[in-house]
Amino acid sequence: MGDAFVACGYERRYGVVSVSNRPDLCQYQCNGAMAAAKQYHKAPIVIANEVLAALEGREMLAICEAVAPGFINLSVTTEFLADYVLAMGREERFGVEQAENPQTVVIDYGGANVAKPLHVGHMRPAVIGESVKRILRYVGHKVIGDAHLGDWGTPIGLIITELKVRQPDLVYFDPDYTGEYPKEPPFTVSELEEIYPYASKWSKEHDDYREESRKAILELQQGRRGYMALWEHIMRVSMEDLKKNYDNLGTEFDIWGKESDAQKYIPDMIRDMKENGYAYISEGALVVDVKEETDTKEMPPCMILKSDGATLYNTTDLATIVERMTKYDPDRIIYIVDKRQSLYFEQIFRCAKKTKIVKPETELIHIGFGTMTGKDSKPFKTRDGGVMKLSMLIDQIVEKVRSKMADRDMSDEEKDTIAKKVGLAALKYGDLSNQATKDYIFDMERFTSFEGNTGPYILYTMVRIKSILAKLGELPEAAVSAGDYERGAEETGLLLTIARFADMVEKAVAELAPHKVCQYLYELADNVNGFYHANKIVGEADETKRREWITILRIALAIFADGIAMLAFEAPDRM
Ligand code: ARG
């Protein structure tokens, strides 16, 4: 279409073709004549007819017509379509174009805090981030997934304070102690998980306790030996536990960055901000103005140091950007963090640009996700209203899937393995199929259903293809060119959907949108099942047809496999 517009003297960009929104009339449409009409001061229908004339003789087109006021309707012949799909099957990644200039991208998508168990709130960033990472990698970008664990600041201060109350004689609290500290931590991971919520609650009701803990952080930040040693224990004990939990979820960080890693970049960063006149003292605190003239909403200054000299969440995030620029020089940094932090990130991003921590062209992006809620639209809780551990949520959904498989003819062991895969798919698909920014309801029944827009339905469809292929025994060589036969509506529908794969990936990459992948896989599954029900694939007598159908199913299966890999879940061989 681009060529046709150019041949008629119009700009190539008008030759954009999209999937038709009237599939009853045609498969594709081009609205370029409508847009070009303004620039060239001609009636759209005139332009459309010129373009049609330029397309005369193209055998690939079964329908090519202009309709008032100037749309161009297009359909391709089923032979062309089939040839196209068969060719896709021979291409690496089905012909998805690789990035011409691969970018280095850091994705910050963990954000769990040490000394606190992973709770359901940590699922969304882990799941969305993992998927965005894999989508970008699919087109050749160099992506670094960073856990960015919270191991600095308030929680640590609270734990130190509470430990001091409980075990005041520990050597870590003796300021005069100069010897080595014990190798064994003075707590277990479950003790640690109990201490933090207790201390957090206590501090809200007791000012002196809160003050004590504030002092502890400050002393930790200033490098007090005993506190540093305690902090290292806290780190080691809970890191191990966090790694186990992320691993269970299938989240694979490339680096286990921590807030504390950035602390060493703070002094120079602050000195630069002061020397260059960006940071100034306001009411005792060090701040950078980030207001812009065009702002319509309140934009408070970005605070770098509190009046007592303590650093903040902001300071750490800015220093982490310094660290990332130094180590990786990324083209983009993407943060997968709760959308309630969007004002915060706007301040940080502006501050980083203004103070030249990043280059003018470095992209800083916040993907602010919504809340996963219970059916009452409130954040998801346990039955007694407590915060639910992520491991508990995973166990529940796996158990649910497992119960549906009770009557299957398989060993218990196999059922367990399959339930784990399907359960994780249910959970992840349930999350990723929504636009990230939206809140959604955690609906165990719906998510685990083997029908409808769910992860298990996608897997079920893959298993169906696998079982058809298995029934066939040795598979014929892939068909290389379209056979000469009449294709039914279901077959054409499946071919059209497969043909859209590269376009879908391009959009998912551009919009950093895993839900586009989900939507596509759902449509592909519907098309595969429609095709399956309309045809007797295994028993088809016509060799040409049978061979082509098998090839198409194999291509669909391979696309599913790449698709679910982008969503970070796996398919069993049966279920
Ligand atoms: N640890 C933080 C929290 O629990 C989330 C960190 C998100 N990432 C970041 N770079 N600020 O709220």
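To convert a position in the sequence shown, counted from 1, into the numbering used here, add 302. Beta carbons: idealized from backbone N, C-alpha and C, even for Gly.
For glycine 447, no alpha helix (DSSP H) segment is defined; the enclosing uninterrupted segment is the beta strand (DSSP E) at 444-448. The beta carbon of lysine 717 sits closer than 7 angstroms to the beta carbons of Arg704, Met707 and Arg710 from its chain, once the five residues preceding and following it are set aside; these are given in chain order.
Counted as a single uninterrupted DSSP element, the alpha helix (DSSP H) harbouring valine 491 occupies residues 491-507.
Under the 8 angstroms Cβ criterion, the region 448-466 counts as touching the region 511-518, having at least three qualifying pairs. In the structure shown, histidine 343 adopts coil according to DSSP, grouped into three states. In summary, leucine 777 is exposed, with fewer than 16 beta-carbon neighbours lying within 10 Å of its beta-carbon over all protein chains present. The Cβ atoms of aspartate 733 and threonine 673 lie no closer than 8 angstroms to each other. For glutamate 367, the secondary structure class from DSSP, reduced to helix, strand or coil, is strand.
Secondary structure of threonine 406 (DSSP, three-state): strand.
DSSP, reduced to helix, strand and coil, places alanine 428 within a helical segment of the structure shown. Rounded to whole angstroms, the gap between the alpha carbons of alanine 784 and threonine 853 is 11 angstroms.
DSSP places methionine 690 outside both helix and strand once states are collapsed to three, so it counts as coil. Summarising the contact set, residues whose Cβ lies nearer than 6 angstroms to any heavy atom of ligand 1 are, in chain order, Asp410, Gly413, Asn415, His450, Gly452, Asp619, Tyr637 and Val639. For the options Ile861, Tyr731 and Phe871, the alpha carbon positioned closest to that of phenylalanine 396 is the one of Ile861. Around serine 644, the same chain offers His668 and Gly670 as residues with beta carbons nearer than 8 angstroms, after the five sequence neighbours per side are excluded. For cysteine 328, the secondary structure class from DSSP, reduced to helix, strand or coil, is coil.
Separation of the CB atoms of isoleucine 519 and glycine 459 is rounded to 4 angstroms, and the pair is thereby assigned contact status at 8 angstroms. Only exposed fits threonine 739, as fewer than 16 other CB atoms lie within 10 angstroms of its CB.
The distance from the Cβ of glutamine 329 to that of serine 320 is about 10 angstroms, inconsistent with a contact at the 8 angstroms cut-off. Secondary structure of threonine 596 (DSSP, three-state): coil. Bounds of any beta strand (DSSP E) do not take in arginine 789, whose DSSP letter is neither H nor E. Relative to the Cα of threonine 628, the nearest Cα in the group Glu600, Ile659 and Asn351 belongs to Ile659.
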